[in-house]
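> For reference, the structure I am asking about is given below.
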Amino acid sequence: MRDLICLPFAGGGTAFFHPWTNLPSPGLRIRPVCPPGREGRIKEAPFTRMGPLLDWLDEQLVPVLLRPHVLFGHSMGGMISYAWCLRRLQQNLPLPHVLVVSACIPPPVQRSVLMHTLDKPTLLARLRGYDPANLAFDIYPELWDLMEPVLRADFAVVETFEPAETPRLPIPVIALSGRDDPLIPAAAMAQWASRGSGFRHHFFDGGHFFPRNAPAKVLNTIASSILDLTGSVAAR
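So, in structure tokens, the structure goes:
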């Protein structure tokens with residue numbers, strides 16, 4: 004049995020992965036991570052830079068790292084997952100068996116806009132375009148007041164992350180794409196092919212948050228790809 008450590012998108016938390024926890028998944032135990040600033044950690048200040056966030060993640064994952072594990076990240080979570088693997092590699096520490104990245108382009112990323120610096124109206128407009136669920140910020144202004152600092156902090160983590168080196172990881176990488184993702188085109192996701200020792204790229208119907216549409220299909224695809232790349236879903 005492998006633990007599937009799950010890191011969320013900007014502003015997201017463990018709720019994004021709750022559907023997976025109720026699904027049968029041979030060989031995978033779902034382990035969602037809740038970063039500071041949301042859900043049960045709402046009173047904790049969110050991180051604004053990658054380094055301190057990775058330090059925190061090291062502490063949170065100590066019990067899990069003693070067992071075989073796979074790392075999954077969606078959008079911001081994918082960048083954090085990759086950054087964590089890079090640092091583990093540089094420190095000569097054990098890596099996850101597989102890295103799974105979803106709706107996330109590997110660095111370096113050319114950005115025409117820095118989300119964490121936008122004024123409120125512009126940021127809200129962009130968020131509405133990314134996910135219709137963000138219309139809730141217009142209906143419930145108090146929700147925006149609660150989430151704005153978290154969103155800006157999360158965007159800052161990703162947008163200020165500029166690794167000096169991006170060596171090939173000695174582990175396989177699985178990339179997941181939404182066919183209608185307005186943010187991350189499939190061709191950009193294909194760049195992950197050069198970042199690991201093996202590569203699989205899978206496509207799903209939907210936009211940037213496609214895992215919501217078919218959680219069972221996404222999870223089963225991850226499990227089958229792990230089997231394909233390592234010879235076993237469960238730990239060897």
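Counting from 4, one number per residue, gives the positions in the sequence shown under the numbering used here. C-beta atoms are modelled at their ideal positions from N, C-alpha and C, and glycine is treated no differently.
Suppose you measure from the CA of Val116 to the CA of Ala156; what does that come to, to the nearest Å?
The sequence position of residue 116 within the sequence shown is 113, counting from 1. The sequence position of residue 156 within the sequence shown is 153, counting from 1. Whole-angstrom Cα-Cα distance: 15 Å.
> With burial defined as no fewer than 16 other Cβ atoms inside 10 Å of the residue's Cβ, what is the status of Tyr85: buried or exposed?
Start at 1 with the first residue of the sequence shown, and residue 85 comes out as number 82. Tyr85 should be labelled buried.
> I need the boundaries of the beta strand (DSSP E) containing Leu241, first residue and last residue.
As shown, the chain starts at 4 and ends at 239. That puts residue 241 outside it, with no answer to give.
> Determine whether the beta carbon atoms of Leu74 and Pro99 lie at a separation below 7 Å.
The residue labelled residue 74 in the question sits at position 71 within the sequence shown. The residue labelled residue 99 in the question sits at position 96 within the sequence shown. It is a contact, given that the beta carbons lie within the stated cut-off.
> Between the region 207 to 220 and the region 13 to 28, do at least 3 Cβ pairs fall closer than 8 Å?
Verdict: yes, contact present.
> Compare the C-alpha of Pro71 against each of His77, Ile174 and Leu7 and name the closest.
Translated into positions along the sequence shown, residue 71 becomes position 68. That would be Leu7, whose Cα lies nearest to the Cα of Pro71.
> Taking Ile45 as the reference, which of Arg129, Leu146, Arg215 and Pro214 has the closest Cα?
Here residue 45 refers to the residue found at position 42 of the sequence shown. The shortest C-alpha separation from Ile45 is found at Leu146.
> Using the beta-carbon count (16 or more within 10 Å), is Pro135 buried or exposed?
Here the question's residue 135 lines up with position 132 in the sequence shown. It counts as exposed.
> Would you call the region 45 to 56 in contact with the region 107 to 116, where contact means no fewer than 3 C-beta pairs closer than 8 Å?
Counting Cβ pairs under 8 Å, fewer than three are found: no touch.
> As an exercise, report each continuous alpha helix (DSSP H) stretch of at least 4 residues that is fully enclosed by the region 91 to 147, in chain order.
Segments of the alpha helix (DSSP H) lying fully in the region 91 to 147: 123 to 133 and 139 to 142.
> If you drop the 5 nearest sequence neighbours on each side, which residues of the same chain put their C-beta closer than 6 Å to that of Arg239?
The count along the sequence shown starts at 1 and reaches residue 239 at position 236. Residue placement at Arg239 cannot be trusted, given a pLDDT of 47 that sits under 50; the coordinates are not used to answer.
> On a Cα-Cα basis, can you pick out the residue from Leu92, Phe20, His21 and Glu42 that is closest to Leu149?
Your numbering for residue 149 matches position 146 in the sequence shown. If we check each option's Cα against that of Leu149, Glu42 comes out closest.
> If you draw a straight line from the C-alpha of Leu102 to the C-alpha of Leu56, how long is it?
Counting from one through the sequence shown, the residue named residue 102 turns up at place 99. Counting from one through the sequence shown, the residue named residue 56 turns up at place 53. Each residue's alpha carbon lies about 18 Å from the other.
> Of all the options Gly54, Pro173 and Gly181, which has the alpha carbon lying nearest to the alpha carbon of His77?
Translated into positions along the sequence shown, residue 77 becomes position 74. For the residues Gly54, Pro173 and Gly181, the minimum Cα distance to His77 belongs to Gly181.
> With DSSP collapsed to three states, give me the class of Arg32.
By 1-based counting over the sequence shown, the position of residue 32 is 29. Here Arg32 sits in strand by DSSP.
> Report the residue from Cys88, Ile225 and Met4 whose alpha carbon sits nearest the alpha carbon of Ala178.
The residue given as residue 178 occupies position 175 in the sequence shown. If we check each option's Cα against that of Ala178, Ile225 comes out closest.
> Tell me, please, which residues DSSP counts as bridged to Pro175.
The count along the sequence shown starts at 1 and reaches residue 175 at position 172. According to DSSP, which records beta bridges pairwise, Pro175 is partnered with Gly201.
> Quick one: grab the DSSP three-state call for Arg5.
As a first step, residue 5 must be located in the sequence shown, where it is residue number 2. Arg5 falls in the strand class under three-state DSSP.
> Going by alpha carbons, who is nearest to Trp166 out of Glu151, Leu89 and Cys37?
Counted from its first residue, the sequence shown places residue 166 at position 163. Per the sequence presented here, residue 166 reads as Pro, with Trp not at that position. With distances taken between Cα atoms, Pro166 lies closest to Leu89.
> Within 10 angstroms of the Cβ of Pro152, are there 16 or more other Cβ atoms? Answer buried if so, exposed if not.
By 1-based counting over the sequence shown, the position of residue 152 is 149. The residue is exposed, with fewer than 16 neighbouring Cβ atoms inside 10 Å.
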